[in-house]
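J.: Below is one structure. I have some questions about it.
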Amino acid sequence: MKDIKILKGNIIFTKNIKSFEVHENSYIVINKNIVVGIFKQLPEIYKDVKVTDYNDALIIPSFVDLHIHAPQYLQMGIGLNLELIDWLNQYTFKNEKLFSDVNHAKKVYPHFVEALYENGTLRSCIFATIHNKSNQILVEELAKKKLSAYVGKVNMDQNAPSNLIQTTEDSIRETIEFIEENSNSELIKPIITPRFAPSCTRDLLKQLGNLSIDMKVPIQTHLAETKNEVKWVKQLFPDCKSYSHVYKKHKLYCNSKTIMAHAIHLTKKEINLAKHENVYIVHCPNSNMNLTSGVMPLTHYLDKGIKVGLGSDVGAGHKIGMQDTIASAIQCSKIRHAINPSERILSESEAFYLGTKLNGSFFGKTGSFEQDYLFDALVIKDEHPLVDSLKPLERLQRFIYCGDSRSIIARYLEGQLI
Ligand SMILES: [Zn+2]
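Everything in the sequence shown is counted per numbering that gives the first Met the number 0, starting at 0 for the first residue and increasing by one.
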């Protein structure tokens, strides 16, 4: 019994995408790091185990963010009057250049990691920059806070300011170094990260695709975020059938551990390809609205059987808390539905499922409280004068739309209070 932990509270999660499971005033039993079960009455065998009683607080799976840029954390909210390419050139590239100085990383990354922790995003897939010394600071900060993440050294060898691009050779060599340096941690792992097709030569894309296969490392990048970007890719890669096929051709779109952020402007063929290859398409609603990129037809993709996750896309996204991204995804689907009633609205359980269980599946069995899942959880104590008159599910709804980090009173990763 020494490895057993028991928590009590109002337990809510989404086993299935269609509905919430609500266990009011119940016990969740954890063995080491794994969920054993949820009980209304505690079984006799556990009678001598100390219970951590959170009273009427909510216990929910912790959040997972499948798309976020660590170096952009302190530029959030700035320059959002621009569209993607201008925003990159006028703000983001200038900001990312600063990370050539490791002292800048030491200044910024602790704030970024603290914000992830505070907001209950205990796992995330992160773009760093091209600079490995600074990237390693990010890894160290995540490790100090005991957070889990995939961290990517960004690759660019064309179409960016001269001090943000590397030779193809250096870009590959430093990617291998970063992967090797970070392949022994359980919680923090490397991920191959070509920024997006326009910033990579064919040679770089090809070598990254081969690296992913040879070193068994997953991939994250951007896809079809704006119409102008799609046009640009067509000019740069005229021999490829579509933007998705640029990645496909270079073996960067061919395993289920691939993350494609945005994917708003896809052709029918690309939609079929996403389903066929079982890649993760990541919806970043705040970012897409802020940069006037468009709005993904999310429910259409889901109904086609595509695996769609959610990302904050900080700094084009202006909120790091995933509950805000969940609410925005629902709102965006309502706008699409209002314009085109044949597109259905994303339900609350669907949106919550995407931000917890579906996003979590990139890391393994996490994001749900089913038996044998890793126990990753947040405890939510909401302050509201009428809290006693609200049902647990109504309180979760309220937290998603109106809550913030101040309501999170405890965070568990793999069974450990962190
Ligand atoms: Zn992004």
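Backbone N, C-alpha and C define an ideal beta-carbon position, used for all residues, glycine too.
Since the model is a prediction, treat every value here as computed from it, not as a measurement.
In the DSSP assignment, find the beta strand (DSSP E) that holds Cys124 and state where it starts and stops.
T.: 120 to 126
J.: For Arg405, count neighbouring Cβ atoms within 10 angstroms of its own Cβ and tell me buried if that reaches 16, exposed if not.
T.: exposed
J.: Measuring only the C-alpha atoms, how far is His261 from Cys124?
T.: 14 Å
J.: Less than 6 Å between the CB of Asp64 and some heavy atom of ligand 1, yes or no?
T.: False, no ligand heavy atom lies under 6 Å from that Cβ.
J.: Could you tell me the alpha carbon to alpha carbon distance between Ala273 and Cys199, rounded to whole angstroms?
T.: 21 Å
J.: Would you check if the distance between the CB atom of Asn134 and the CB atom of Lys145 is smaller than 7 Å?
T.: no
J.: Just how far apart, CA to CA, sit Phe62 and Gly354?
T.: Taking the straight line joining both Cα atoms gives about 6 Å.
J.: State the CB to CB distance for the pair Gly8 and Gln370, rounded to an integer number of angstroms; the pair is presumed to be in contact (CB under 8 Å).
T.: No, Gly8 and Gln370 are not in contact; Cβ-Cβ is about 18 Å, not under 8 Å.
J.: Would you check if there are 3 or more beta carbon pairs closer than 8 Å linking the region 316 to 335 to the region 262 to 281?
T.: As far as the Cβ criterion goes, the region 316 to 335 does not touch the region 262 to 281, which means the pair count is below three.
J.: With hydrogens ignored, establish whether the beta-carbon of Ala452 is closer than 6 Å to any heavy atom of ligand 1.
T.: The structure shown has nothing for residue 452, since the chain only spans 0 to 417.
J.: On the DSSP letters alone, give me the boundaries of the beta strand (DSSP E) that His261 sits inside.
T.: Residues 257 to 261.
J.: Can you tell me which of the three DSSP states Thr355 falls into?
T.: helix
J.: In angstroms with no decimal places, state the Cα-to-Cα distance between Asn227 and Ser292.
T.: 9 Å
J.: State whether the region 187 to 194 contacts the region 213 to 233, with contact taken as three or more CB pairs (one from each stretch) at a distance under 8 Å.
T.: Verdict: yes, contact present.
J.: May I ask you to verify whether the region 380 to 392 touches the region 11 to 25, counting CB pairs closer than 8 Å and requiring at least 3?
T.: yes
J.: Please determine whether the Cβ atom of Ala142 lies at a distance below 6 Å from any heavy atom of ligand 1.
T.: A distance criterion of 6 Å places the beta-carbon of Ala142 beyond contact range of ligand 1, judged by its closest non-hydrogen atom.
J.: Rounded to a whole number of angstroms, what is the C-alpha to C-alpha distance between Lys241 and Gly119?
T.: Note on identity: in this sequence residue 241 is Ser, with Lys being the wrong assignment. When rounded, the distance between both Cα atoms is 37 Å.
J.: Pick out whichever of Pro197, Gly310, Met75, Ala127 has its Cα sitting closest to the Cα of Glu95.
T.: Ala127
J.: By Cβ distance, which residues of its chain are closer than 7 Å to Leu83, with the 5 residues on each side in sequence left out?
T.: Glu224, Thr225, Glu228, Leu290, Ser292
J.: Based on Cα-Cα distance, which residue from Asp64, Tyr72, Lys4 lies nearest to Asp47?
T.: Lys4
J.: Give a single yes or no on whether Asp312 has its beta carbon closer than 6 Å to a heavy atom of ligand 1.
T.: yes
J.: Measure from the alpha carbon of His130 to the alpha carbon of each residue in Pro70, Pro237, Leu377, then state which is nearest.
T.: Pro70
J.: Just checking my contact of Leu222 with Ser243 at CB under 8 Å: how many whole Å lie between their CB atoms?
T.: 6 Å
J.: Taking the continuous alpha helix (DSSP H) assigned at Asn227, which residues delimit it?
T.: 226 to 235
J.: For His22, list the residues DSSP reports as bridge partners.
T.: Looking at the DSSP assignment, His22 forms a beta bridge with Ile10.
J.: Is the beta carbon of Ala260 within less than 6 Å of some heavy atom of ligand 1?
T.: yes
J.: Please report the straight-line C-alpha distance between Tyr413 and Asn32, rounded to a whole angstrom.
T.: One point to set straight first is that residue 413 is Glu, not Tyr, in the sequence displayed. Approximately 5 Å between the Cα atoms of the pair.
J.: Kindly indicate which residue of Lys380, Ala326, Ser360, Cys239 has the alpha-carbon position closest to the one of Arg410.
T.: Lys380
J.: With a threshold of 8 Å, are at least 3 pairs of Cβ atoms found where one atom belongs to the region 136 to 143 and the other to the region 156 to 168?
T.: no
J.: Check Ala223 in the structure and name its three-state DSSP category.
T.: coil
J.: Who are the near neighbours of Tyr116 in its chain, counting only those whose CB is closer than 8 Å to its CB and skipping five residues on each side?
T.: Cβ neighbours of Tyr116 beyond the five flanking positions: Lys144, Leu146, Arg410, Ile417.
J.: What is the rounded straight-line gap between the Cα of Ile407 and the Cα of Val101?
T.: Ile407 and Val101 have their alpha carbons spaced roughly 32 Å apart.
J.: Give the single residue among Cys331, Met288, Tyr252, Cys283 whose Cα lies nearest to the Cα of Asn271.
T.: For Asn271, the closest C-alpha among the options Cys331, Met288, Tyr252, Cys283 is that of Tyr252.
J.: When DSSP labels each residue in this structure, what does Asp55 get in the three-state scheme?
T.: strand
J.: On the criterion of 16 or more Cβ atoms from any shown chain inside 10 Å, does Ala350 qualify as buried, or is it exposed?
T.: Around the beta carbon of Ala350, 16 or more other beta carbons lie within 10 angstroms, which makes this residue buried.
J.: Alpha carbon to alpha carbon, how far is Asn162 from Gly320? Give it in angstroms, no decimals.
T.: 32 Å
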